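In the numbering used here, the protein residues as written are 23 to 380. Yeah, the Cβ is synthetic: ideal placement off N, Cα and C, and Gly gets one too. Keep in mind it's a predicted model, so treat the numbers as computed, not measured. The block underneath contains the structure these notes are about, expressed in structure tokens.
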Ligand code: NAD
Ligand code: IPM
Ligand code: MN
């Protein structure tokens with residue numbers, strides 16, 4: 023019997039709506055495979071919690087989460103609490119506090135009807151973005167001098183440590199080698215004359231350990247163009263924290279939107295729990311209406327099962343999403359359907375059971 027202890031942080035806006043559907047899928051997995059058992063503990067942290075308690079999570083929140091095998095998060099951030107407080111004190115604190123320095127964001131087209139790119143199909147858009155997730159432009163270092171004075175100066179410092187840069191690049195090379203794919207580094211050495219020149223140097227240096235991996239190196243502006251114009255160039259991509267954030271929203275845009283984009287925040291050494299979440303935010307514009315697309319959150323479950331080493335579930339979940347995408351009447355409005363979040367989740371579970379022959 024295998025037990026996995028999962029911390030749930032549904033968070034804000036549509037976060038709780040999509041996490042419920044993900045939990046439904048985890049419970050279905052438990053039913054289908056009697057060897058697997060999950061226990062869940064829910065944490066009520068987020069913006070509502072902040073408005074009551076003046077903080078996004080409990081003071082010892084990180085300690086409370088330490089013992090879990092994984093964290094499953096919905097979304098954080100809502101009007102009423104400044105984003106730079108809500109996100110920094112919860113989401114970014116967990117990523118950093120648990121050294122989840124690898125952010126794995128697959129950019130995979132699951133159905134040709136989902137891409138706005140004409141004449142691109144599934145074989146053209148299928149790659150993995152590996153985003154540095156612990157430092158870089160998100161270091162939080164900086165200063166705000168002479169506030170509200172004419173000489174006001176604001177500094178936002180990018181931090182690229184040798185350890186942090188080498189480990190993410192080495193992880194990406196290893197992943198490219200393991201899966202026999204090319205590796206593309208995305209940087210901006212022509213303008214960011216310290217951080218990105220350093221990044222490019224490290225990419226070359228580490229590459230000497232992986233002579234079998236074919237590499238490319240693009241500037242981030244050109245890479246953004248190629249994501250749209252020529253996505254078949256990419257197989258594995260490694261990039262900095264901010265560039266990865268922006269590029270993966272473009273990736274979502276070419277594969278069906280934020281309702282389908284997933285990301286795993288991984289501490290590869292398993293010294294701390296890793297965290298699984300959809301790429302999207304709390305979507306205040308549709309929150310509470312019961313129409314958010316839960317597929318991204320369900321795809322996160324597949325990344326979680328993969329991370330647990332439970333072979334087969336990632337393929338089962340992806341195949342089931344593919345089948346579901348052909349049933350247009352079962353989809354949420356962002357995909358042109360009329361189904362609710364809950365209806366889509368229920369149909370997904372039915373299809374998963376059919377796929378597994380149960
Ligand atoms: P968002 O991702 O919440 O929404 C962008 C657009 O995509 C909206 O039109 C929304 O309706 C749509 N959308 C997003 N997810 C969807 C889904 N599952 N189904 C259907 N439509 C979906 O981004 P935003 O509006 O820029 O940010 C809203 C809040 O979320 C802000 O506070 C922001 O800081 C926060 N945010 C949090 C995370 C996170 O927790 N990981 C990620 C991004 C943004
Ligand atoms: C994401 C989000 C976060 C990020 C925000 C909410 C801090 O946009 O996970 O893509 O920039 O990493
Ligand atoms: Mn983002």
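Self-check item: Extent of the continuous alpha helix (DSSP H) run through residue 117
Solution: 115 to 119
Exercise. Flag this pair as touching only if the region 89 to 96 and the region 234 to 251 have three or more C-beta atom pairs under 8 Å; answer yes or no.
Key: no
Quiz item: Which stretch, first to last residue, makes up the beta strand (DSSP E) that contains residue 152?
Solution: Going by DSSP, residue 152 is part of the beta strand (DSSP E) stretching over 148 to 154.
Quiz item: Excluding sequence positions up to five away, which residues of its chain have a Cβ less than 8 Å from the Cβ of residue 342?
Solution: 370, 373, 374 and 377
Quiz prompt | Proximity winner among 334, 330 and 366, relative to residue 59 (alpha-carbon distances) | solution = 330
Quiz item: Roughly how many whole angstroms lie between the Cα atoms of residue 45 and residue 112?
Solution: About 21 Å.
Quiz item: Taking all protein chains shown into account, do 16 or more other C-beta atoms lie within 10 angstroms of the C-beta of residue 48, making it buried, or fewer, making it exposed?
Solution: buried
Quiz item: Looking only at C-alpha atoms, which of 213, 194 and 211 sits nearest to residue 204?
Solution: Across the set 213, 194 and 211, the C-alpha of 194 shows the shortest separation from the C-alpha of residue 204.
Quiz item: Straight-line CA distance for residue 72 to residue 96?
Solution: Roughly 16 Å between the two C-alpha positions.
Quiz item: With a CB to CB cut of under 8 Å and the five nearest residues on each side skipped, what residues in its chain are close to residue 336?
Solution: Around residue 336: 324, 325, 327 and 328.
Quiz item: In chain order, what residues place their C-beta within less than 5 Å of a heavy atom belonging to the ligand IPM?
Solution: With 5 Å as the limit between CB and the heavy atoms of the ligand IPM, the residues that fall short of it are 109 and 267.
Practice problem: Would you list, in sequence order, the uninterrupted beta strand (DSSP E) runs of no fewer than 3 residues that lie entirely inside the region 133 to 198? | Solution: 148 to 154, 158 to 167 and 175 to 181
Self-check item: Exposure of residue 143, with buried meaning 16 or more beta-carbon neighbours within 10 Å
Solution: By the Cβ-count criterion, residue 143 is exposed, with fewer than 16 other Cβ atoms from all chains shown falling within 10 Å of its own Cβ.
Exercise. Only counting runs of 3 or more residues, tell me where the beta strand (DSSP E) segments fall wholly within the region 331 to 356, in order along the chain.
Key: none
Practice problem: May I ask whether a heavy atom of the ligand NAD can be found less than 6 Å away from the beta carbon of residue 98? | Solution: Proximity of the beta carbon of residue 98 to the ligand NAD is indicated: a heavy atom of the ligand is located closer than 6 Å.
Quiz item: When DSSP builds the beta bridges, which residues end up paired with residue 287?
Solution: For residue 287, which the question treats as bridged, DSSP gives the partners 125 and 297.
Quiz item: For the putative contact between residue 296 and residue 309, defined by C-beta atoms under 8 Å, what is the C-beta separation to the nearest angstrom?
Solution: A Cβ-Cβ separation of about 26 Å leaves residue 296 out of contact with residue 309 under the 8 Å criterion.
Exercise. Please confirm whether residue 235 and residue 199 have their CB atoms less than 7 Å apart.
Key: Yes, they are a contact pair.
Practice problem: Would you be able to state if there are at least three C-beta pairs under 8 Å between the region 78 to 85 and the region 114 to 122? | Solution: yes
Quiz item: Just to confirm, does residue 148 get its C-beta within under 6 Å of one of the non-hydrogen atoms of the ligand NAD?
Solution: Checking every heavy atom of the ligand NAD against the Cβ of residue 148, none is found closer than 6 Å.
Quiz item: Should residue 166 be labelled buried (16 or more other beta-carbon atoms within 10 Å of its own) or exposed?
Solution: Label assigned to residue 166: exposed.
Practice problem: Can you tell me which of the three DSSP states residue 83 falls into? | Solution: helix
Self-check item: Segment limits, alpha helix (DSSP H) that includes residue 273
Solution: 263 to 275
Self-check item: Contact under 7 Å by Cβ, residue 363 with residue 305
Solution: no
Self-check item: Coarse secondary structure for residue 90, derived from DSSP in three states
Solution: coil
Quiz item: Is it the case that the Cβ atoms of residue 178 and residue 155 are separated by a distance below 7 Å?
Solution: no
Exercise. State yes or no: is the C-beta of residue 84 nearer than 6 Å to some heavy atom of the ligand NAD?
Key: no
Quiz item: Among residues of its own chain, excluding the 5 on either side of residue 43, which ones have a beta-carbon nearer than 8 Å to its beta-carbon?
Solution: 316, 319, 320, 363, 364, 366, 367 and 370
Quiz item: What number of angstroms, rounded off, separates the C-alpha of residue 274 from the C-alpha of residue 127?
Solution: 10 Å
Exercise. Tell me where the alpha helix (DSSP H) around residue 47 begins and ends.
Key: 37 to 54
Exercise. Identify whether residue 98 lies in helix, strand or coil by the three-state DSSP scheme.
Key: coil
Exercise. Enumerate in chain order the residues of its own chain whose CB-to-CB distance from residue 83 is below 7 Å, with the five nearest sequence positions on each side excluded.
Key: The beta carbon of residue 83 is closer than 7 Å to those of 67 in its chain, skipping five residues each way along the sequence.
Self-check item: Option nearest residue 284 by Cα separation, candidates 108, 94 and 53
Solution: 94
Self-check item: Strand pairing of residue 63, partner residues [DSSP]
Solution: DSSP, once it has assigned bridges, lists 29 as partnering residue 63.
Quiz item: Helix or strand or just coil, what does DSSP make of residue 235?
Solution: coil
Exercise. Report the option in 37, 163, 54 and 158 whose CA atom is closest to the CA atom of residue 98.
Key: 37
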